[in-house]
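Residue numbers (mature numbering (1 follows the signal peptide of the UniProt record, and there is no 0)): -28 to -1, 1 to 428. Glycine included, C-beta positions come from ideal geometry on N, C-alpha and C. Reviewing the structure listed below.
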Amino acid sequence: MSISKLSSALTRVGMLSAAVLAPAIAFAQEAAPAAAAAATAAAPVPDKGDTAFMFISTILVLFMLVPGLALFYGGLVRSKNMLSVLMQCTMIGAVVMIIWVLYGYSFAFGGGTSPYWGGTAKMFLSGVSTSTTAPTFSKGVVIPEFIFMLFQMTFAAITPALIIGAYAERIKFGASVLFCALWATFVYFPIAHMVWDSNGMLFKMGALDFAGGTVVHINAGIAGIVGALLVGKRVGFGKDMMAPHSMTLTMVGASMLWVGWFGFNAGSNLEASGGAMLATVNTFIATAAAIISWSLVETFTRGKASMLGGASGMVAGLVAITPAAGIAGPMGAIVMGLIVSPLCYFFVSVVKNKFGYDDTADVFGVHCVGGIFGAIATGVFASASLGGVGYADGVTMSSQVMVQLTAVVTTILWCGIGSAILYKVVDIIIGLRVAPEAEREGLDLASHGEAAYHNS
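In structure tokens:
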């Protein structure tokens, strides 16, 4: 064969090969971007705006604990017990933060399939890194798992601190801290899993609790009243003057709670979207309505509206709207605020006096009662006909209210029984109550060796 013929044959083979391979090459070129797009869709990336929003919300919830709650409770006790309350809030928050990262996050959100707890897979934050994410309520939207873990940690830290207001001025410092650590472990973490984790018993039933009506407020309120009854009344209760020593500090603390509560409620949306803004609107107006309502009730019953009543109404409104913040419509939020204050007022001024229990800061009357009302009312005001976001398919108002009642009763029973057992355990180990002499001296000096005020 001549060289020219060989060259011609090779040319034909090359052209034929190109013709055969061209579709494959083109397909590969088209498939590569498609595969990359599929990979991107399979692994959503956190939005920087959502991450920043959650970071700010987390810091705001911490602000609720210290200094907000600490000052609110500090002003409500007598001056000789001011530092005792501040120290309990600070230490309980610190201890719960540590146990949260050690095992609490796993117990609540560890990915286990149990309806009662999250398992041990994420103990010591195993598997949680800068690259892992947590889903929000929107399909395909995620946030960094670290910020989800921290946001939930602040909830876990402030909830047991709420309890101390019920038995303030007579409990041992060590007993208070130990009880709250045990309570977080055996009561709070399981309830958080049941209500907020996708595998939780109450979550699967369809219970609505946007930011913690059951998990935080009913939980803390029940533990508070159980503690107040088991620790017993303060020395001189009903005989000595036990008025709050600084309504100024209480008002400052309540105001800080209101500011921080925007992180508490809006942050529970887990992303900076319309749902977070609805929660923000409702946190404003439900609280405002509750302040007005409490003051009106006091004016009609006592002749004067008090600053303590204004602060109490503020907290009552915040508690009531917590489970409904991103669920009820604005008009529903106003109605909830107007109703919750007379209800809580009745418990702190009538029921408390009738039964004679010593709930120092009215944790039961405000947090538990307000939380129960808010949880049940969420089932009503979620209705689209009342301006709410609506119910899941096939769910009616009556069926949703029944689910809400189930969540309330479950929380009361779990917390009530669990708290009573844990108080008894702590009493056996180190004792719950300080000596009467220490109580008369004041827990600032008796427990901490220092005083909040020095009169010269």
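Partner residues in a beta bridge of T62, as assigned by DSSP, do not exist.
Leaving aside the five residues that flank P162 on each side, the residues in its chain whose CB is nearer than 6 Å to its CB run, in chain order, Y88 and W89. Between M228 and the set V38, P16, D19 and G210, the nearest pair of CA atoms involves V38. In the three-state reduction of the DSSP assignment, I311 falls in the helix class. Beta-bridge annotation (DSSP): V114 is paired with P107. If you draw a straight line from the Cα of G337 to the Cα of P16, it comes to about 44 Å. The count of Cβ pairs closer than 8 Å, one atom from the segment 34 to 54 and one from the segment 401 to 419, reaches three, so the stretches are in contact.
Runs of alpha helix (DSSP H) with 4 or more residues, each lying fully within the segment 19 to 79, are found at 20 to 35, 42 to 48 and 54 to 71, listed in chain order. The three-state reading of DSSP puts R274 in helix, counting H, G and I together. G185 is the residue among G185, I311 and F256 whose C-alpha sits nearest the C-alpha of Y160. At the C-beta level, A261 and M286 stay beyond 8 Å of one another. Excluding five sequence positions before and after A349, the CB atoms of its chain that fall closer than 6 Å to its own CB belong to M308, given in chain order. Within the segment 279 to 365, complete alpha helix (DSSP H) segments of at least 4 residues are found at 279 to 293, 302 to 318, 324 to 327 and 341 to 353, given in chain order. A residue is called buried once 16 or more other Cβ atoms fall within 10 Å of its Cβ, and D212, having fewer, is exposed. According to DSSP, residue pairing for R142 in a beta bridge does not occur.
Nearest neighbour of T382 by Cα position, chosen from F327, L97, S78 and M177, turns out to be M177. Distance from the CA atom of A153 to the CA atom of G21, rounded to whole angstroms, is 34 Å. Per DSSP, R206 has no beta bridge partner at all.
For L310, the CB contacts under 8 Å within the same chain, skipping 5 residues up- and downstream, are A261, A262, I264 and S265 in chain order. Taking A138 as reference, the option from S78, L48 and T222 with the minimal CA-CA separation is L48.
Cα atoms of A354 and G301: separation of roughly 7 Å, rounded to the nearest angstrom. Inter-residue distance for F319 and A258 is about 20 Å (C-alpha atoms, whole angstroms). Across the set L174, F79 and P107, the C-alpha of P107 shows the shortest separation from the C-alpha of M26. Secondary structure within the segment 204 to 275: not one fully enclosed beta strand (DSSP E) run of 3 or more consecutive residues is present. Note that the C-beta distance between G46 and V33 is not below 8 Å. A straight line joining the alpha-carbon of V188 with that of A248 spans about 19 Å. The distance from the Cβ of L290 to that of W230 is about 6 Å, consistent with a contact at the 8 Å cut-off. If you look at F161, you'll find it in the alpha helix (DSSP H) that goes F161 to W168. Taking C-alpha positions only, P116 is separated from D19 by approximately 9 Å.
Comparing alpha carbon positions, the residue from S278, L250 and Y329 closest to I306 is L250. Listed in chain order, the non-local C-beta contacts of A192 below 6 Å within the same chain comprise T131, L134, I135 and H339, local neighbours out to five positions each way being set aside. Secondary-structure assignment with DSSP links R405 through a beta bridge to I143. In this model, M219 and S370 are separated by some 42 Å (Cα to Cα). Non-local beta-carbon contacts of T92 in its own chain, meaning distances under 7 Å to residues more than five positions away in sequence, involve S78 and G82 in chain order. In this structure, DSSP gives H426 a state outside helix and strand, which the three-state scheme calls coil. In the three-state reduction of the DSSP assignment, F182 falls in the coil class.
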